[in-house]
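Asker:
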Amino acid sequence: MSGRILALGDIHGCDTALDTLLVQLQLAANDCVVLLGDVVDRGPGTRQVIDRLLELQQYCELHFVRGNHEQMLLGVLDGTFFDTGWLMHGGQEVLDCYEGSLDNMPAEHADFLRSAVETYETATEVFVHANLEPGVPLAEQHAKWLRWTRYTGQELPLPTGQRVICGHTPQSSGLPARSRGWVCIDTFVYGTGWLTCLDVLTDEFFQADEQGRYRTGML
Ligand SMILES: [Mn+2]
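Just so we're aligned: 116 in the working numbering is position 119 of the sequence shown, and the numbers increase by one with no gaps anywhere.
#1: Which partner residues does residue 179 have in the DSSP bridge list?
#2: Sorry if obvious, but does the Cβ on residue 177 come closer than 8 Å to a heavy atom of ligand 1?
#3: Using the C-alpha atoms, what's the distance from residue 207 back to residue 10?
#4: Just the Cα atoms here: how many angstroms apart are residue 41 and residue 190?
#5: Beta-carbon within less than 8 Å of residue 67's beta-carbon, same chain only, minus the 5 sequence neighbours each way: which residues are those?
#6: Just how far apart, CA to CA, sit residue 170 and residue 92?
#7: For ligand 1, any of its heavy atoms closer than 8 Å to the Cβ of residue 224?
#8: Looking at ligand 1, does it come within less than 8 Å of residue 39, judged from the CB to the closest heavy atom?
#9: With residue 31 as the anchor, note down where its alpha helix (DSSP H) starts and where it stops.
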């Protein structure tokens, strides 16, 4: 029997919210978890978040879509992105949890960040960090659209009929945003909001925050 397909919005180093959610979700080996990216930066616990995701990879199917924050952090690791730009976007908190230097980041953490993919799709859904350029096939989408372009709610449905599940654009309401053919589940956990996990087969969502609170809802 196949399990759930669970999309997880931008975690941004919020390990308490992630752990609260995982306790409630009771993941099984046949569940498939799709990370929408931006697991790092801003929150206090990037290191703990990556440790937890590495564990998760051991007992269920995990797909990790790359966010702009993974792109920036990898750029800093590889020397192709300005440290100052990254530090202004929540990088300082990452340094703090690796004793002040990325030199202390375990190799398996860097390897995990490098393992992220551009997009993931099923017959019925496309999972992407930020947005898609209209009319461009999935395999030809550019980083600027995939990882940086904000969701406005005015996007057109895909011609394939697949629903797009995205993150990146924080919803200050704390609730997922829906428009025709699109759902955005970045619900601002690093600010005053929630971390959202959406069961795409039932449209039920599960949320936790950094105070350890938990709630559920339907799209
Ligand atoms: Mn983002």
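Cβ coordinates follow ideal geometry from the N, Cα and C atoms, glycine included.
Answerer: A quick look at the data gives this:
#1: Residue mapping note: residue 179 aligns to position 182 of the sequence shown, counting from 1. Paired residues: 161 and 176.
#2: Position 180 of the sequence shown, counted from the start, is the residue given in the question as residue 177. Every heavy atom of ligand 1 is 8 Å or more from the Cβ of residue 177, so no.
#3: Here residue 10 refers to the residue found at position 13 of the sequence shown. Here residue 207 refers to the residue found at position 210 of the sequence shown. One C-alpha to the other measures close to 10 Å.
#4: In the sequence shown, residue 41 corresponds to position 44, counting from 1. In the sequence shown, residue 190 corresponds to position 193, counting from 1. Cα to Cα, the separation comes out at about 15 Å.
#5: As a first step, residue 67 must be located in the sequence shown, where it is residue number 70. Excluding residues within five positions, the ones whose Cβ falls inside 8 Å are 34, 35, 36, 37, 110 and 113.
#6: In the sequence shown, counting from the first residue as 1, residue 170 sits at position 173. In the sequence shown, counting from the first residue as 1, residue 92 sits at position 95. Taking the straight line from one Cα to the other gives about 30 Å.
#7: Nothing can be reported for residue 224, as the shown portion of the chain is limited to -2 through 216.
#8: Taking the first residue of the sequence shown as 1, we reach residue 39 at position 42. Residue 39 Cβ: outside cutoff for every heavy atom of ligand 1.
#9: To locate residue 31, count along the sequence shown from 1; it is residue 34. Note, residue 31: premise wrong, no alpha helix (DSSP H); beta strand (DSSP E) at 29 to 32.
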